[in-house]
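**Student:** Under the numbering used here, the final residue of the sequence shown carries the number 405; numbering is consecutive throughout.
All C-beta atoms in this analysis are idealised placements derived from N, C-alpha and C, irrespective of residue type, glycine included.
To start, I am sharing the structure in question, which I have written as structure tokens.
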Amino acid sequence: MHTDLDTLQKEEEKYLCSTYGRYPLAIKSARGYTLTDYEDREYTDLLAGISVCNLGHCHPEISRAICGQAEKLVHTSNLFFQKEQLDLARELLSTCGLDKVFFCNSGAEANEGAIKTVRRYMRMVRENNRFEIITLKNSFHGRTMATLSATGQEKIKQGFDPLLPGFVHAEPNDEAELRSLCTEKTAAIMLEVIQGEGGVVPLKKDYLHFVQKLCAEKGLLLVIDEVQTGMGRTGRFWAHEHFGLNPDIITSAKALASGLPMGAILLKDEVARALAPGSHATTFGGSPLVCAAALKTLEIMKRDNVVRMSAETGEYAREILNRVRERTGDMIEEIRGMGLMLGVKLSFPGKRVWRKLLERGFVLNLTQESVLRLLPPLNIPREQLDKFAADLEKILEEEKKAKES
Ligand code: PLP
Numbered sequence: 001m002h003t004d005l006d007t008l009q010k011e012e013e014k015y016l017c018s019t020y021g022r023y024p025l026a027i028k029s030a031r032g033y034t035l036t037d038y039e040d041r042e043y044t045d046l047l048a049g050i051s052v053c054n055l056g057h058c059h060p061e062i063s064r065a066i067c068g069q070a071e072k073l074v075h076t077s078n079l080f081f082q083k084e085q086l087d088l089a090r091e092l093l094s095t096c097g098l099d100k101v102f103f104c105n106s107g108a109e110a111n112e113g114a115i116k117t118v119r120r121y122m123r124m125v126r127e128n129n130r131f132e133i134i135t136l137k138n139s140f141h142g143r144t145m146a147t148l149s150a151t152g153q154e155k156i157k158q159g160f161d162p163l164l165p166g167f168v169h170a171e172p173n174d175e176a177e178l179r180s181l182c183t184e185k186t187a188a189i190m191l192e193v194i195q196g197e198g199g200v201v202p203l204k205k206d207y208l209h210f211v212q213k214l215c216a217e218k219g220l221l222l223v224i225d226e227v228q229t230g231m232g233r234t235g236r237f238w239a240h241e242h243f244g245l246n247p248d249i250i251t252s253a254k255a256l257a258s259g260l261p262m263g264a265i266l267l268k269d270e271v272a273r274a275l276a277p278g279s280h281a282t283t284f285g286g287s288p289l290v291c292a293a294a295l296k297t298l299e300i301m302k303r304d305n306v307v308r309m310s311a312e313t314g315e316y317a318r319e320i321l322n323r324v325r326e327r328t329g330d331m332i333e334e335i336r337g338m339g340l341m342l343g344v345k346l347s348f349p350g351k352r353v354w355r356k357l358l359e360r361g362f363v364l365n366l367t368q369e370s371v372l373r374l375l376p377p378l379n380i381p382r383e384q385l386d387k388f389a390a391d392l393e394k395i396l397e398e399e400k401k402a403k404e405s
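Here you go:
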């Protein structure tokens with residue numbers, strides 16, 4: 001088959017559901033922060049597969065770990081004890097204050113499982129009838145029926161009515177409203193500390209402390225969706241560490257197994273009591289193959305101080321992008337985010353800028369129409385960010401001139 005974009009597009013229209021608005025690019029291979037297309041053109045990857053390939057593409061040690069495990073044992077099922085899950089669970093739990101893990105296959109599945117756990121915990125452990133979960137407007141928690149219902153963005157819910165009952169959406173950073181939404185039905189508050197799909201919007205520190213206090217006061221569970229923000233992305237292993245929070249449940253996925261599909265629910269012992277034998281399960285979750293990839297990922301992160309790297313490179317990226325902001329007048333409203341989860345909020349719709357960046361060889365994402373979202377591999381060299389900042393500045397100057405003329 002020809003690999004030019006026209007042919008790929010035609011074949012795709014014929015064979016695939018047209019759910020994705022594709023970028024005009026097809027990647028043949030990738031290594032580190034470099035993507036190569038079918039014409040052998042190279043791109044700097046500032047997206048890392050949407051915060052999945054945090055250690056860069058095809059990291060040789062991870063590729064070796066995957067191949068080695070693939071030759072030994074790929075899958076048995078969760079009917080058997082699995083040493084690989086235990087090795088991984090021990091390491092993963094050592095990154096946070098939680099006690100137990102349930103392995104699954106994606107972010108949505110981790111959040112779906114967290115929602116089920118909240119409900120079952122209230123019913124079976126606390127023996128009450130609380131079931132409602134407060135989530136935030138502009139949040140994103142996934143595309144399954146429950147996680148779509150939890151998500152606070154109307155545009156992706158169209159046509160799927162009736163959604164699952166039991167979710168209330170609060171305005172982010174509004175303490176009074178959050179308090180007023182708590183009733184005798186409320187079971188949990190679930191949030192991302194930085195709303196990723198929502199445009200890289202960090203919640204306010206005071207608000208997050210208020211959420212923590214409110215949960216303690218009302219006996220609610222605090223569920224933090226770290227699917228995008230976890231695994232060192234924000235300069236701490238988990239983003240909630242920046243705020244000193246003490247969640248009852250964390251959900252993880254994306255970068256967990258460096259590109260193999262894996263999700264995890266991490267829970268306090270008390271909450272994990274809700275998950276009795278037979279209450280929740282998955283065929284593929286935590287297979288030896290994905291566990292080997294995840295375990296190697298954690299090992300490399302620890303050995304190479306990747307979390308610190310993310311914090312330091314993130315600080316550097318923020319500095320140089322802020323300089324671009326100062327030099328280009330009012331083209332950039334704000335540089336926001338933490339570590340290497342950064343949003344460049346433009347003061348105008350960003351499609352043309354995004355397109356020009358792609359033409360110049362930079363792959364990143366445009367979210368909420370005017371936010372250039374950067375989620376590069378956490379080990380990206382600073383020179384690549386320098387090149388990006390210089391090109392962004394040139395493009396913004398061009399756009400400014402075009403606007404003025
Ligand atoms: N939660 C958050 C915060 C996300 O960013 C995403 C995906 O972007 C999800 C959940 C859903 O994850 P998945 O696409 O693996 O189902």
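(1) Can you tell me whether N54 sits near the ligand PLP, meaning its C-beta is under 7 angstroms from at least one heavy atom of the ligand?
(2) For S268, tell me which candidate among G235, G232 and L222 has the shortest Cα-Cα distance.
(3) Return the CA-CA distance between L203 and D4, expressed in angstroms with no decimal places.
(4) Let me check understanding here. Comparing Cα to Cα, which of Q158, K137, R123 and L136 lies closest to M145?
(5) Excluding five sequence neighbours on each side, which residues of the same chain lie with their C-beta closer than 6 angstroms to the C-beta of G152?
(6) Could you name each continuous beta strand (DSSP E) segment of 3 residues or more that falls completely within the segment 203 to 240, going from the start of the chain to the end?
(7) Is it buried or exposed, T19, if we count other Cβ atoms within 10 angstroms and call 16 or more buried?
(8) Hey, quick one: how far does the beta strand (DSSP E) through Y20 stretch, first residue to last?
(9) Nearest-angstrom Cα distance between V193 and K356?
(10) Opposite S370 in the DSSP bridges: which residues?
(11) So what's Q69 in DSSP terms, helix, strand or just coil?
(12) Less than 7 angstroms separating the Cβ of I50 from some heavy atom of the ligand PLP?
(13) Taking Cβ to Cβ, would you say I224 is nearer than 8 angstroms to P261?
(14) Determine whether the beta carbon atoms of E417 and T328 lie at a separation below 8 angstroms.
(15) Going by C-alpha distance, which of T313, L55 and V344 is nearest A294?
(16) So does the segment 210 to 219 actually touch the segment 281 to 290, counting three or more Cβ pairs closer than 8 angstroms?
(17) Could you check the C-alpha separation between D174 and A187 for me, to the nearest Å?
(18) Tell whether a beta-carbon distance below 8 angstroms holds between S252 and G235.
**Tutor:** According to the data block:
(1) No.
(2) According to the sequence shown, residue 268 is Lys rather than Ser. Nearest option by C-alpha distance: L222.
(3) Each residue's Cα considered, the two are about 43 angstroms apart.
(4) For M145, the closest alpha carbon among the candidates Q158, K137, R123 and L136 is that of Q158.
(5) Within the same chain, G152 has close Cβ partners T135, L136, K137, N138, S139 and H169.
(6) With a minimum length of 3 residues, the continuous beta strand (DSSP E) runs that stay inside the segment 203 to 240 are 221 to 225.
(7) Burial call: exposed.
(8) Careful: Y20 lies outside any beta strand (DSSP E) and carries neither H nor E.
(9) If you draw a straight line from the Cα of V193 to the Cα of K356, it comes to about 31 angstroms.
(10) Secondary-structure assignment with DSSP links S370 through no beta bridge to anything.
(11) Q69 falls in the helix class under three-state DSSP.
(12) Shortest gap from the CB of I50 to any heavy atom of the ligand PLP: under 7 angstroms.
(13) Going by C-beta atoms, I224 is not nearer than 8 angstroms to P261.
(14) Shown here, the chain extends from 1 to 405; a query on residue 417 therefore has no answer.
(15) Measuring from the Cα of A294, the nearest candidate turns out to be L55.
(16) The segment 210 to 219, when compared against the segment 281 to 290, does not touch it at the 8 angstroms Cβ threshold.
(17) Taken atom to atom, the span from the alpha-carbon of D174 to that of A187 is near 19 angstroms.
(18) Contact annotation: S252 and G235 have beta-carbon atoms that are not nearer than 8 angstroms.
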